[in-house]
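J.: What follows is a single structure, and I will ask about it in a moment.
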Amino acid sequence: MKNNQMTPKRKETLVQVLNKPKVAGYVFILPFIIGFLAFLAVPMILSLGFSFTRYNILKTPVFIGLENYRTMFFGDPKFWKVFGVTMYYVLFSVPLRLIMALAVAMLLVKSTKLSGFYRAVYYLPSIIGSSVAVAILWKRMFASDGVINALLKIVGLPSDIAWLGRTDTAIWTLIILAIWQFGSSMLIFLSGLKQISVSLYEAATVDGANGIQRFFKITLPMLTPTIFFNLINQLINGFMAFTQSYIITQGKPRDTTLFYTVYMYQNSFTYNKLGYGCAMAWFMVFVVGLLTLVLFKTQKKWVHYEAEG
Amino acid sequence: MKKRLLATTLAALLAATSLAACGSKTETKDTQTTGATSAAETTKAADTTAAAGGKVTLNLSWWGNQTRNDVTKKAVDLYMSQNPNVDIKVEFTDWSGYWDKLSAMAAGGNLPDIVQMDYSYLNQYQKSGQLADLSEFISTGAIDTTKIPESIIESGSIDGKCYAISLGSNAPMMLYDKAIVEKAGVTIPDQMTMDQLYDISKTIYEKTGTKTLYDGGINMMQIMARANGSHLFDELTAGKEDSMKIYFNTMEKFAKADFSISADLLAEKNPDVVETKPIIDSSTWNDFLLSNQYISVSKTAGRDLGITMFPTLTDAKAQPIYLKPSMFFSIAESSKNKEEAAKFLDWFTNSTEANDILLAERGIPVNSAVADEIKPKADEIAQHVFDYVAKVSEVATPIDAPDPSGKGEVEALGKTVVEAVRYGDATADDAVAQFVPEAKRILEEAAK
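In order, the protein sequence lines correspond to chains A and B. Residues 484 to 792, numbered by our numbering, are exactly what the first sequence covers, in order. Residues -16 to 431, numbered by our numbering, are exactly what the second sequence covers, in order.
Here is the structure:
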């Protein structure tokens, strides 16, 4: 490297320039860089700018300073309502989904002839889960004349419940849908489980530890890095949930299922208040960033890394 | 250490990218949910080929239901077979998704060449310069208006220039299930009062057990204000409570009645979408809609449904029912092929062959000669619509001025407040106190 800098500059051909190790690397990541700039960085900066404007989507934006943020915090009760709904959804759906994912991963970790098949089957819902088709399927299942009520009727339970219409049950139909999509976390848990050394279990068994003890004393601590990763991953996913609320319930009843993203969308495109929508988006960036930061700060307390132990 | 570094970087990267995706997410979801053929992307490619090969591509988009989608596509196919140099790409969505999508397209400067436009949105889109002036095509004869009544052209005109051609007239109506009404032994008058509706609903529930829907939408608000001798948006802009007091009191009275469909079932059924209206599976015996939706609702329900006018007040100050020039077609100002788009519009409104296929699904054809020719061919269901619109036109009073900006948000607010009353979380007085000032604020904000 030093030699290179010392030699006097002379003209190089394009190919020579491109072939330099330093340049070649950038050339290889160029497709990503272009995509990142065009579809992420620039729109993000623009949206930050728009968040300080009154931007009726059909007119030109007008700069209004922090007015959107002021309205959001002090002049829009619905904003806090949807924020609460989204927090509630995240608070329940994320831990429950992780518990579900871990439970199924524990079942599937043993290699049998069919384990590959089962893994694929359980992964399927998380691929199709956020699709419109599944949303509509869910809507039909929980309809008052749907499958869920029919099943309840067979076992003799009350079967005339409008799950999607009651203020106390509607959000839970969406949470259940979220739990059902545990596949991707499950796969990560599976690989985490496989990395735990068998010798630890053998030693524990010799010492007389039972299954529950082994789970809490070995499996769980050893899995904490995986749990940590899954938790952050799913937390962000939870805040981004959109389709469920938009298709299945449209935020009904009484806005108890109106997710933050859907309200943001409504403001931006239905009410044509794009500036306000952008401000909402940036508040969400702040909240999710903050929560992620908090999780990172607390990881010393509970995340166990083998190398350090 | 290695593992930790990996987990940390992965998590951080994920956080950054997924958050960044939020902004763009909304738009992609929009196209997903609509299930529409996404012709927007193909537009640019098509435009260039048009310039090169002489073939013109037009984009046409509308909101609607399955019946409308089917007939419109059929008509478009016929036009393309007669005009091989024109290629028409169609997009359709349901009502609410349509306006979300259209505003995003307008902001991006790529409105479809021909857009279906509504009376309530015409103002906003014209004011922001999105719509082409059709007057020049009318004066050159590219769009023949000789057989279209002057009042129709006027309804799509702003400041003396025509920006939209109505494809038909509609009127708000109440539907009822003939079999259930007959079973209950009641007769439905041409137009009932709210009190009559209340009594009839009660009788029907006692005799047959079928429940009643009371419309909680903005149409009913407008009707109530009109019956009270005023106009909804005039009152809301001024912050006046008079009509809204009547509206929410009636709302509460119906919400509390045993015969009303329960709030939770109604939330599930979603009467905003033609295909899931509660009358279709007999969850209720009545429903409220605009006359152009009648054909689709009847076909979905698979039975003949009775029609009566929207109810009025017992001591109404004015006849609230109105004719609504509806289903406008406009040409986008950004269109590169306005001339061809105008030709298509002309064919769509003035040719018998097009209307033979469309069969008044969007409303009675505005071309009087075409209407006369179509009428005998229309099936029995469409005949009902013809008859109803004719009946309304005898008593109708002029329609409200086009809705102001902010209408969409006021409508959503109205639904929220109505739901609060339905679920028993708010009284009529609470509702008025919440709705009127908030609506005023929204309208002021939107007018800026």
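Ideal placement from N, C-alpha and C gives every residue a C-beta, glycine not left out.
(1) Taking only beta-carbon atoms, is residue 248 (chain B) less than 8 Å away from chain A?
(2) Among A:532, A:596, A:535 and A:609, which one has its Cα closest to the Cα of residue 720 (chain A)?
(3) Classify residue 46 (chain B) as helix, strand or coil using the three-state DSSP reduction.
(4) Mind pulling the chain A residues with CB within less than 8 Å of residue 268 (chain B)?
(5) So, does the stretch 694 to 712 of chain A touch the stretch 722 to 740 of chain A, judging by three or more C-beta pairs under 8 Å?
(6) Given that residue 78 (chain B) touches chain A, what residues does it touch there, using C-beta distances under 9 Å?
(7) Report the partner residues of residue 312 (chain B) according to the DSSP bridge assignment.
(8) Following the continuous beta strand (DSSP E) through residue 156 (chain B), name the residue where it begins and the one where it ends.
(9) Looking at the secondary structure, which residues open and close the alpha helix (DSSP H) in which residue 289 (chain B) lies?
(10) Name, in chain order, the residues that DSSP records as bridge partners for residue 537 (chain A).
(11) Have a look at B:123, B:227, B:341 and B:199 and flag the residue whose alpha-carbon is nearest the alpha-carbon of residue 423 (chain B).
(12) Using beta carbons (cut-off 8 Å, strictly below), is residue 755 (chain A) in contact with chain B?
(13) Tell me which residue opens and which closes the beta strand (DSSP E) that residue 272 (chain B) is part of.
(14) To the nearest angstrom, how far is it from the Cα of residue 707 (chain A) to the Cα of residue 576 (chain A)?
(15) Kindly indicate if chain A contains any beta-carbon less than 8 Å away from that of residue 83 (chain B).
(16) Would residue 335 (chain B) pass as a contact of residue 349 (chain B) if the rule is Cβ separation under 8 Å?
(17) Given a threshold of 16 other Cβ atoms within 10 Å of its Cβ, counted over all protein chains shown, does residue 263 (chain B) qualify as buried or as exposed?
(18) Can you give the beta carbon distance from residue 364 (chain B) to residue 290 (chain B), rounded, assuming they're within the 8 Å contact cut?
(19) At the level of alpha carbons, what is the spacing between residue 284 (chain B) and residue 398 (chain B)?
(20) Which same chain residues, not among the five before or five after residue 788 (chain A), have their C-beta less than 7 Å away from its C-beta?
(21) Report the residue from B:107, B:102 and B:52 whose alpha carbon sits nearest the alpha carbon of residue 389 (chain B).
(22) Mind checking whether residue 630 (chain A) and residue 605 (chain A) have CB atoms under 8 Å apart?
(23) Give a yes or no on whether the C-beta atoms belonging to residue 288 (chain B) and residue 114 (chain B) are separated by under 8 Å.
(24) If you drop the 5 nearest sequence neighbours on each side, which residues of the same chain put their C-beta closer than 7 Å to that of residue 322 (chain B)?
(25) Could you check if residue 499 (chain A) is buried or exposed, using at least 16 other CB atoms within 10 Å of its CB as the buried criterion?
(26) Which of helix, strand or coil does DSSP assign to residue 71 (chain B)?
(27) Closest by CA to residue 615 (chain A), which one among A:669, A:647 and A:728?
(28) Assuming residue 541 (chain A) and residue 90 (chain B) form a contact by the criterion Cβ under 8 Å, report the distance between their Cβ atoms to the nearest whole angstrom.
(29) Under a Cβ-count criterion, where at least 16 other Cβ atoms within 10 Å of its own Cβ denotes burial, should residue 560 (chain A) be classed as buried or exposed?
(30) List the residues of chain B whose Cβ lies closer than 9 Å to the Cβ of residue 648 (chain A), in chain order.
(31) Quick one: residues in its chain with C-beta nearer than 7 Å to the C-beta of residue 63 (chain B), no 5 flanking neighbours on either side, listed in chain order?
(32) Return the CA-CA distance between residue 536 (chain A) and residue 759 (chain A), expressed in angstroms with no decimal places.
(33) Throw me the rounded Cβ distance for the residue 171 (chain B) and residue 394 (chain B) pair, which I believe falls under 8 Å.
(34) Short of 7 Å in beta carbon distance, which residues of its chain neighbour residue 118 (chain B), apart from the five on each side in sequence? Order them along the chain.
(35) Buried or exposed: where does residue 286 (chain B) fall if 16 or more other Cβ atoms within 10 Å of its Cβ makes it buried?
(36) Pairs of beta-carbons, one from the stretch 552 to 569 of chain A and one from the stretch 745 to 764 of chain A, closer than 8 Å: are there three or more?
T.: According to the structure shown:
(1) Position 265 of the second sequence, counted from the first residue, corresponds to residue 248 (chain B). Taking Cβ atoms only, chain A reaches closer than 8 Å to residue 248 (chain B), which makes this a yes.
(2) Walking along the first sequence from the start, residue 720 (chain A) turns up at place 237. Closest option to residue 720 (chain A), Cα to Cα, is A:609.
(3) If you number the second sequence from 1, residue 46 (chain B) lands on position 63. Strand at residue 46 (chain B).
(4) Walking along the second sequence from the start, residue 268 (chain B) turns up at place 285. Neighbours of residue 268 (chain B) on chain A: none; closest Cβ ~18 Å, over 8 Å.
(5) no
(6) Position 95 of the second sequence holds residue 78 (chain B). Near residue 78 (chain B) there are no residues of chain A at all, since even the closest Cβ is about 11 Å away, more than 9 Å.
(7) For this step, residue 312 (chain B) is matched to residue 329 along the second sequence. DSSP lists B:99 and B:148 as partners of residue 312 (chain B).
(8) Within the second sequence, residue 156 (chain B) is the residue found at index 173, counting from 1. Its beta strand (DSSP E) spans residues 155 to 160.
(9) The sequence position of residue 289 (chain B) within the second sequence is 306, counting from 1. Element bounds for residue 289 (chain B): not the alpha helix (DSSP H) but the beta strand (DSSP E), 288 to 292.
(10) Position 54 of the first sequence, counted from the first residue, corresponds to residue 537 (chain A). Its beta-bridge partners are A:545.
(11) Here residue 423 (chain B) corresponds to residue number 440 of the second sequence, with the count starting at 1. Checked all of B:123, B:227, B:341 and B:199; the closest Cα to residue 423 (chain B) is B:227.
(12) Here residue 755 (chain A) refers to the residue found at position 272 when the first sequence is read from its first residue. Yes, contact with chain B.
(13) Here residue 272 (chain B) refers to the residue found at position 289 of the second sequence. It spans 269 to 273 - the beta strand (DSSP E) in which residue 272 (chain B) sits, taken as one unbroken run.
(14) Taking the first sequence and counting its residues from 1, one reaches residue 707 (chain A) at position 224. Taking the first sequence and counting its residues from 1, one reaches residue 576 (chain A) at position 93. If I take the Cα positions, the gap works out to 19 Å.
(15) Numbered from 1 along the second sequence, position 100 holds the residue referred to as residue 83 (chain B). Closer than 8 Å to some Cβ of chain A, the Cβ of residue 83 (chain B) qualifies, so yes.
(16) Here the question's residue 335 (chain B) lines up with position 352 in the second sequence. Here the question's residue 349 (chain B) lines up with position 366 in the second sequence. In this structure, residue 349 (chain B) does not lie closer than 8 Å to residue 335 (chain B) by Cβ.
(17) For the purposes of this step, residue 263 (chain B) is taken as residue 280 along the second sequence, with counting starting at 1. When all chains shown are included, residue 263 (chain B) counts as buried.
(18) The residue given as residue 364 (chain B) occupies position 381 in the second sequence. The residue given as residue 290 (chain B) occupies position 307 in the second sequence. With a Cβ gap of about 11 Å, residue 364 (chain B) and residue 290 (chain B) do not count as contacting.
(19) Here residue 284 (chain B) refers to the residue found at position 301 when the second sequence is read from its first residue. Here residue 398 (chain B) refers to the residue found at position 415 when the second sequence is read from its first residue. In a straight line, the C-alpha of residue 284 (chain B) is about 25 Å away from that of residue 398 (chain B).
(20) Within the first sequence, residue 788 (chain A) is the residue found at index 305, counting from 1. Result list for residue 788 (chain A): 708, in chain order.
(21) Within the second sequence, numbered from 1, the residue matching residue 389 (chain B) stands at position 406. Among B:107, B:102 and B:52, the Cα nearest to that of residue 389 (chain B) belongs to B:107.
(22) Numbered from its first residue, the first sequence carries residue 630 (chain A) at position 147. Numbered from its first residue, the first sequence carries residue 605 (chain A) at position 122. No, Cβ-Cβ distance for residue 630 (chain A) and residue 605 (chain A) is not below 8 Å.
(23) Here the question's residue 288 (chain B) lines up with position 305 in the second sequence. Here the question's residue 114 (chain B) lines up with position 131 in the second sequence. Cβ distance not < 8 Å, so residue 288 (chain B) and residue 114 (chain B) don't count as in contact.
(24) In the second sequence, residue 322 (chain B) corresponds to position 339, counting from 1. Answer for residue 322 (chain B): 125, listed in chain order.
(25) Your numbering for residue 499 (chain A) matches position 16 in the first sequence. Exposed is the call here.
(26) Residue mapping note: residue 71 (chain B) aligns to position 88 of the second sequence, counting from 1. Residue state, collapsed to three classes: strand.
(27) Position 132 of the first sequence, counting from 1, holds the residue named residue 615 (chain A). For residue 615 (chain A), the nearest C-alpha among the options comes from A:728.
(28) Translated into positions along the first sequence, residue 541 (chain A) becomes position 58. Translated into positions along the second sequence, residue 90 (chain B) becomes position 107. So it is a contact: roughly 7 Å between Cβ atoms.
(29) As a working note, residue 560 (chain A) is residue 77 in the first sequence. Label assigned to residue 560 (chain A): exposed.
(30) Residue mapping note: residue 648 (chain A) aligns to position 165 of the first sequence, counting from 1. Near residue 648 (chain A) (Cβ distances below 9 Å), the residues of chain B are 245, 246, 247, 248, 249, 250, 251 and 252.
(31) Your numbering for residue 63 (chain B) matches position 80 in the second sequence. If we look at residue 63 (chain B) and ignore the five residues flanking it on each side, its Cβ neighbours are 69, 70 and 71.
(32) Here residue 536 (chain A) refers to the residue found at position 53 when the first sequence is read from its first residue. Here residue 759 (chain A) refers to the residue found at position 276 when the first sequence is read from its first residue. The straight-line gap from Cα to Cα measures roughly 8 Å.
(33) In the second sequence, counting from the first residue as 1, residue 171 (chain B) sits at position 188. In the second sequence, counting from the first residue as 1, residue 394 (chain B) sits at position 411. With a Cβ gap of about 28 Å, residue 171 (chain B) and residue 394 (chain B) do not count as contacting.
(34) On the second sequence, position 135 is the one that residue 118 (chain B) refers to. Answer for residue 118 (chain B): 144 and 145, listed in chain order.
(35) Position 303 of the second sequence, counting from 1, holds the residue named residue 286 (chain B). By the neighbour-count rule (16 or more Cβ atoms within 10 Å), residue 286 (chain B) is not buried but exposed.
(36) yes
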